[in-house]
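Colleague: Quick note: the sequence shown uses numbering that gives the first Met the number 0, first residue 0, plus one each step.
First the structure, which I've put down as structure tokens, then a few questions once you've had a look.
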Amino acid sequence: MSLATVTVIAVGLAMDAFAVSIATGATYKKPGTNHAFRIALAFGSFQAVMPVAGWLAGLTVRNLIKDYDHWVAFILLGFIGTKMIYESFKIKQVQERSVRLSAAVLLILAIATSIDALAVGITFSFLLAGSLAVAVIIIGVVTFVFSYAGFYIGKSAGHFFENKIEIAGGIVLLCIGVKILFEHLIANGG
């Protein structure tokens with residue numbers, strides 16, 4: 000898997016955190032730099048840790064499914080992408096429930112927005128030829144930057160873009176899943 004592909008995956012994964020950051024910035028009464036940094040750090044950290052957990056889990060089954068790992072990657076990324084697109088239509092319901100960002104709520108949001116990264120980590124255990132550390136750093140940094148920026152976008156622009164961002168992230172992951180499947184099928188003659 001190339002560095003460019005890992006970066007595109009990182010951007011796709013960051014869309015959940017980006018959308019939640021926008022919603023949080025829009026609903027916070029007196030947001031400040033400290034709030035944006037806390038959100039970005041929590042989301043970026045969990046987004047970086049979850050692929051490692053998925054990678055470790057994937058290593059346990061990698062030899063059992065190596066002949067059809069491309070199908071597993073395609074199905075996982077397809078599921079995640081479809082789920083992100085589906086959830087983009089539910090963002091307004093979540094926003095209406097947003098009240099206060101306590102440490103517990105931030106932890107729950109960080110975990111919830113990084114579950115997809117766990118599944119991507121499983122995919123990495125099958126397909127990642129390069130360094131897992133590099134992939135994890137890219138995912139964490141991209142999510143941090145998107146979350147930090149998202150908070151301020153939400154503060155100034157409100158809720159206009161966040162469901163569209165979630166849809167774009169889902170489409171990116173779906174496309175990567177299709178790319179992985181076709182590359183493997185073409186390389187192995189079907």
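Heads up, the beta-carbon is just placed ideally off N, CA and C, and yes, glycines get one too.
#1: Measuring CB to CB, does A109 end up less than 8 Å from F42?
#2: If I measure Cβ to Cβ from T6 and keep anything under 8 Å in the same chain, skipping five residues before and after, which residues do I get?
#3: Starting from M0, follow the alpha helix (DSSP H) in both directions and report where the run begins and ends.
#4: Leaving out the 5 sequence neighbours to the left and right, which residues in its chain are closer than 6 Å to L58 when beta-carbon positions are compared?
#5: How big is the Cα-Cα spacing for I185 and H69?
#6: Can you grab the Cα-Cα spacing for the pair A16 / R37, in whole Å?
#7: Below 8 Å CB to CB, which residues in the same chain sit around P204 once its five sequence neighbours on both sides are set aside?
Modeller: Short version:
#1: yes
#2: I137 and V141
#3: Premise fails: M0 is in no alpha helix (DSSP H) and is neither H nor E.
#4: S124
#5: 11 Å
#6: 13 Å
#7: Coverage of the chain is limited to positions 0 through 189, which leaves residue 204 absent and any answer about it impossible.
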